[in-house]
Amino acid sequence: MTKHCLRWISRNCPAKRPAVFIGKGDRRRSPHNEAKCGTAERGYQPCTSKLIANKLFKSCCDLYVPEECHFMCTYEIDQSKTRNMLLELVKQKRCSMRYLSAILYCASQNRDNRKCCADLDLNATQLQVYYAL
């Protein structure tokens, strides 16, 4: 690129300046081997927004879970809120425990989350959550 063009870009296109003045290195705009979302390398960061995830969760529950259990079909990361939802499930008996596996199926989107659960220590004995390997 000629000096004349570089000067013009520098004066008139400040947003393009970094792309033009990059050294002889790689100028491709592809990602730099970043770890994928939902993996241990990224701390199991979700691959989608909570809004989209809840829509997917709810649509699965519409198919497999009775209406009286739909209050459980929402992603919640606050442990106290999650605990209260489970207590409500047990105490009010408005949703049978037999539907819990269908709710968990919908929550996981039928994916194997055992590694995530183990990494987050959800299989600790005090939590009383066990799974077969």
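Quick note: the sequence shown, position 53, residue 53 per the UniProt record's numbering, numbers continuous. Using N, Cα and C, we set each Cβ at its ideal position, and we do this for glycine too. Source: prediction; values computed, not measured.
For R83, the uninterrupted alpha helix (DSSP H) segment begins and ends at Q79 to K91. Classified as exposed, M85 has fewer than 16 neighbouring CB atoms from the shown chains inside 10 Å of its CB.
Relative to H70, the option among I77, E76, S80 and K58 whose CA is nearest is K58.
Burial of A107 is indicated by the presence of at least 16 other C-beta atoms within 10 angstroms of its C-beta. Remark: C-beta atoms of M72 and C95 approach each other more closely than 8 Å. For L122, there is no enclosing alpha helix (DSSP H), as DSSP gives it neither H nor E. Only residues of its own chain outside the window of five on either side were considered, and among them A40 have a CB closer than 8 Å to the CB of K115, listed in chain order. Collapsing the DSSP output to three states places A35 in coil. Linking E68 to E34 through their CA atoms gives a straight-line distance of about 42 Å.
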